[in-house]
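Quick note, the working numbering runs 56 ahead of the 1-based positions in the sequence shown.
For glycine and all other residues, C-beta sits at the position ideal for the given N, C-alpha and C.
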Amino acid sequence: MSSFRPEFIDTVPEQAARWRRVVVGERDGKSVVVIDEAECPFQMGVAGALGVAVTDLWKTFANPECDPTGPDSCSMPLSFGPPPGGTVVQMLEWPPDKELFGVSDPAIAKAATNHRTASIDVVYIISGEIYAMLDEEEVCLKAGDTLVQRGTSHAWSNRRNEPCRMLAVMVSATAFKTRR
């Protein structure tokens, strides 16, 4: 199994969706909108993965205080998965395998993206279609489907001709000691 650890770059794919982000907080004891961005600025491309875009919408560190006057946690650098003890909410755009790898071959997609995270990930498919490739099987996820990924080995393969857009909520967890 390869250890897919993307290197984030400032170049965002041209066709990538730009996500509006509204953050509610508190001022003078009243709930108010503290951030309203037409395009969330915390978006990056991935080196060597043409067309992949990742946007951090929110992030927590450790067990955060629910502070409605606190700073914007997304101003920290993008990272692969949540910070230790924290969470991250990301929008992911995954291009077709043919664009990403130059060929539409699930074996190449699996070899290139197979990884395991120390997190519990809830991934909601917004549009498009993508295969979650596991050790011994795969499942096709379509718009409206939700995958709960619990620290297992997995890879992604988009066999369609349009990008797959996903919302991922990743919660830091203690790494599972495999029984194999």
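Q: To the nearest angstrom, report how far apart T202 and M147 are at their CA atoms.
A: 14 Å
Q | Close-in-space but distant-in-sequence residues of the same chain around G207 (CB under 8 Å, 5 per side omitted) | A | Excluding the 5 residues flanking it on each side, G207 has same chain C-beta neighbours closer than 8 Å at R172, T173, A174, S175, I176, A229, A231 and F232, in chain order.
Q.
Need the endpoints of the alpha helix (DSSP H) that L156 sits in, please.
A. D153 to F157 is the span of the alpha helix (DSSP H), which, as asked, contains L156.
Q. Which residues in the same chain as A103 place their Cβ atom closer than 6 Å to its Cβ, once the five residues preceding and following it in sequence are excluded?
A. E63 and I65
Q. From this set, V89, T125, D123 and T67, which residue's C-alpha is nearest F97's C-alpha?
A. In the sequence under discussion, the amino acid at residue 97 is Pro, which differs from the Phe named in the question. Cα-wise, what sits closest to P97 is T67.
Q) Near H241, what residues of its chain come up, given a Cβ to Cβ distance below 8 Å and the 5 sequence neighbours on each side ignored? A) Since the displayed the chain opens at 57 and closes at 236, residue 241 lies outside it and no answer follows.
Q | CA-to-CA distance, I181 to K154, given in whole angstroms | A | 20 Å
Q) Going by beta carbon distance, what residues of the same chain come within less than 8 Å of P69, once the five residues before and after it are set aside? A) Cβ within range, chain order: G101, L106, G107, V108, A109, E149 and P151.
**Q.** Top-ranked residue by Cα proximity to C130, from F117, D112, R216 and A168
**A.** D112
Q. Does the Cβ of Q99 have 16 or more other Cβ atoms within 10 Å, making it buried, or fewer, making it exposed?
A. buried
Q) Which residues in the same chain have their Cβ closer than 8 Å to the Cβ of R83, if we skip the five residues on either side of it in sequence? A) V90 and T125
Q: Could you check what DSSP says for R83 in three-state terms: helix, strand or coil?
A: strand
Q: Determine the direct distance from the alpha carbon of I186 to that of R215, and round the result to whole angstroms.
A: 7 Å
Q) Under the three-state reduction of DSSP, which class applies to S58: helix, strand or coil? A) Model confidence at S58 stands at a pLDDT of 48, short of 50, so the residue's coordinates are unreliable; what they give is reported in the following sentence. Coil.
(Q) Tell me the rounded alpha-carbon separation between M222 and C196. (A) Using only the alpha carbons, I get a separation of about 13 Å.
(Q) Taking the straight line between their C-alpha atoms, what separation do you get for P140 and F117? (A) 7 Å
Q. Considering only residues of the same chain and omitting the five flanking positions on each side of V204, which have a CB-CB separation below 6 Å?
A. V178
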